[in-house]
Amino acid sequence: MASAGVNMPGGDGGDHHHHHGECRRLRRRHRRFTLRRYVPAATASEEPIAGGAAAASSGEKRTRPALSSSSSSSDGSSSDDGEEGCSSAGAAAHRLPVPAAVWPVAFGSVSLAGRMREMEDAISLRPFFFTWIDGSPIHFFAVFDGHGGPHVSALCREQMHVILAEELAAEAAALRQRPSPATAEEDAWRAALSRSFSRVDALAAVACACGRAAVPACRCPLSGQTGAIIGSTAVVALLIRDRLVVSNCGDSRAVLCRAGFPLPLSSDHKPDRPDEKARIEAAGGRVVYLNGPRVRGILAMSRALGDKYLKPEVICEPDITITERTVDDECLILASDGMWDVISNETASDVARQCLEDGSPAGSHAAGSGEAAPSTSTGALAAVRQESEPRCYRAAALLARLALGRDSSDNISVIVIDLKGRS
Ligand SMILES: [Zn+2]
Numbered sequence: 001m002a003s004a005g006v007n008m009p010g011g012d013g014g015d016h017h018h019h020h021g022e023c024r025r026l027r028r029r030h031r032r033f034t035l036r037r038y039v040p041a042a043t044a045s046e047e048p049i050a051g052g053a054a055a056a057s058s059g060e061k062r063t064r065p066a067l068s069s070s071s072s073s074s075d076g077s078s079s080d081d082g083e084e085g086c087s088s089a090g091a092a093a094h095r096l097p098v099p100a101a102v103w104p105v106a107f108g109s110v111s112l113a114g115r116m117r118e119m120e121d122a123i124s125l126r127p128f129f130f131t132w133i134d135g136s137p138i139h140f141f142a143v144f145d146g147h148g149g150p151h152v153s154a155l156c157r158e159q160m161h162v163i164l165a166e167e168l169a170a171e172a173a174a175l176r177q178r179p180s181p182a183t184a185e186e187d188a189w190r191a192a193l194s195r196s197f198s199r200v201d202a203l204a205a206v207a208c209a210c211g212r213a214a215v216p217a218c219r220c221p222l223s224g225q226t227g228a229i230i231g232s233t234a235v236v237a238l239l240i241r242d243r244l245v246v247s248n249c250g251d252s253r254a255v256l257c258r259a260g261f262p263l264p265l266s267s268d269h270k271p272d273r274p275d276e277k278a279r280i281e282a283a284g285g286r287v288v289y290l291n292g293p294r295v296r297g298i299l300a301m302s303r304a305l306g307d308k309y310l311k312p313e314v315i316c317e318p319d320i321t322i323t324e325r326t327v328d329d330e331c332l333i334l335a336s337d338g339m340w341d342v343i344s345n346e347t348a349s350d351v352a353r354q355c356l357e358d359g360s361p362a363g364s365h366a367a368g369s370g371e372a373a374p375s376t377s378t379g380a381l382a383a384v385r386q387e388s389e390p391r392c393y394r395a396a397a398l399l400a401r402l403a404l405g406r407d408s409s410d411n412i413s414v415i416v417i418d419l420k421g422r423s
């Protein structure tokens, strides 16, 4: 975990242009193409982002308010170079629909200790981890950033999806029992996630660094004494049909890249966030500034799994957002604050998108890349990669390298989930 934990979108200035100058021409070309092909339609205005999603940044002309609908912006200002055609295309409402059943998912990840001696981050990639009642697969991707040791993040890596599958099964069984309103499904996902976070939190006190929760203590080589303050962040993204369900506790973050713009799907739980500070104080706690705002001067985040000695101020209740996917969605980035502390939402979104575009045959680099292209089948399941995908891996690796180059002093974990059907 980072000691400072600053979250300063846009703080890196414009130098990502410098890093990716070579990509810009290609990107422009591709964007023009993309805009013509996928014109934001009026229907895209119903972005069901919950209130937790913070605006990404301010001031930069490239940043739209996170919740603005794509239909309301006549889009001439959205691109760097004011290319013609965007503005009329943005206002038009003739987006080509994607076949309803095909919502592609490909993913890649990198997790590294960086300059830290200890590795306390963990990631969990579980495509097809559950089948929902309508037969749709649910894919699970998560970043866990541990503190005080790797115990709780390892526990999350090994147990969160297992526990969540149990909770989803219970919700599914309940849904089958009774006639349900249309919103019941989303309520079920929320309830299952919330309970899973609670259950993992309850196991944290007996977590071993191997990820098992054991009483009496685990006998594996990794078992050993733990400090009093051990815990972990958790940002969990579930992909089901056309929904992105993001559940967050702590200061890891999920950012959706939509039509070239970063749309945060989680909001960091920092002790100095006004609502979090008020909650902490109402619980009898204090935010003390010791190398940044910290709960009791100790923990640089206001929610976490574990940390029982910091209860009741530090809670494990997640914020959950449910977002409808659109054809303008390019990728979803999950990362620990080791990346977000030194890379803004905008830059991360740009880098990942360019990397994914450059690797596709639509770009000029693909012909000689020698790497296997993903299946071009149009079947719904074929649109989902079960293994790590090379372009996504490269995008994640590039972001991690960039963070290292910017002197991130923390563990760095990045998952890039490609939402375009690239072939
Ligand atoms: Zn163990």
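In full-length UniProt numbering, the protein residues as written are 1 to 423.
Glycine included, every Cβ here is placed at the ideal spot set by N, Cα and C.
The continuous alpha helix (DSSP H) containing THR347 extends over residues 345 to 358. Contact between the region 151 to 171 and the region 265 to 285 is absent: fewer than 3 CB-CB pairs across the two stretches fall below 8 Å. Counting only beta-carbon distances shorter than 6 Å to the non-hydrogen atoms of ligand 1, the qualifying residues in chain order are CYS208, CYS210, ARG212, CYS218, CYS220, LEU222 and SER223. Contiguous alpha helix (DSSP H) elements confined to the region 88 to 174 do not occur, taking only those with 4 or more residues.
For SER196, the closest alpha carbon among the candidates ASP145, LEU244 and CYS249 is that of CYS249. Between the alpha carbons of PRO150 and GLU276 lies a gap of roughly 25 Å. ARG115 has its alpha-carbon roughly 5 Å from the corresponding atom of SER409.
The beta carbons of ASP134 and ASP337 sit about 36 Å from each other, so the pair does not count as a contact at 8 Å.
Boundaries of the beta strand (DSSP E) harbouring CYS257: 253 to 258, taken from the DSSP string. The Cβ neighbour count for GLY306, taken over all protein chains shown within 10 Å, is at least 16; the residue is labelled buried. By the neighbour-count criterion, in which a residue is buried when 16 or more other Cβ atoms sit within 10 angstroms of its Cβ, ALA278 is exposed.
Bounds of the alpha helix (DSSP H) holding ILE280 are 274 to 282.
When ALA182, VAL152, SER136 and ASP418 are compared, the shortest CA-CA separation from THR326 is found for ASP418. For ASP329, the uninterrupted beta strand (DSSP E) run begins and ends at 329 to 335, by DSSP. Under the Cβ criterion (8 Å, minimum of three pairs), the region 311 to 321 counts as touching the region 183 to 196. Look at ARG243 here: in three-state DSSP terms it is strand. Taking all protein chains in view, the Cβ of VAL215 is surrounded by fewer than 16 other Cβ atoms within 10 Å, so the residue is classified as exposed. Taking the CA atoms as reference points, SER413 sits about 17 Å from VAL246. GLN225 sits in coil when the DSSP states are folded into three classes, being neither helix nor strand.
When beta bridges are read from the DSSP output, PRO390 appears opposite no residue. Here ALA228 is actually not in contact with LEU332; their C-beta atoms are around 35 Å apart, not less than 8 Å.
Shortest Cα-Cα distance from ALA188 to any of ARG157, PHE129, LEU175 and LEU263 involves LEU175.
When the alpha-carbon of GLU324 is set against those of ALA348, ALA205, LEU244 and GLY224, the nearest one is in LEU244. The three-state secondary structure of ARG195, taken from DSSP, is helix. Distances from the alpha-carbon of GLY405 to those of HIS147, VAL342 and LEU356 put VAL342 closest. Counting along the chain, the unbroken beta strand (DSSP E) around ASP319 starts and ends at 319 to 324. The C-beta of LYS311 has fewer than 16 other C-beta atoms within 10 Å across all chains shown, which makes the residue exposed.
In the DSSP assignment, ARG294 falls within the beta strand (DSSP E) that extends over 293 to 295. Restricting attention to GLU357, ALA335, ARG401 and GLN386, the CA atom closest to the CA of ASP121 is found in ALA335.
According to the DSSP assignment, TYR289 belongs to the beta strand (DSSP E) that extends over 287 to 289. Rounded to whole angstroms, the Cβ separation of SER124 and ALA113 is 18 Å, and the two are not in contact under 8 Å. Note that the region 389 to 400 does not touch the region 293 to 300; fewer than 3 beta-carbon pairs, one per stretch, sit closer than 8 Å. Note on geometry: alpha-carbon atoms of TRP103 and GLY224 lie some 44 Å from one another.
In the DSSP annotation of this structure, the continuous segment of the beta strand (DSSP E) that includes VAL414 starts and ends at 412 to 418.
Around the CB of ARG258, 16 or more other CB atoms lie within 10 Å, so the residue is classed as buried.
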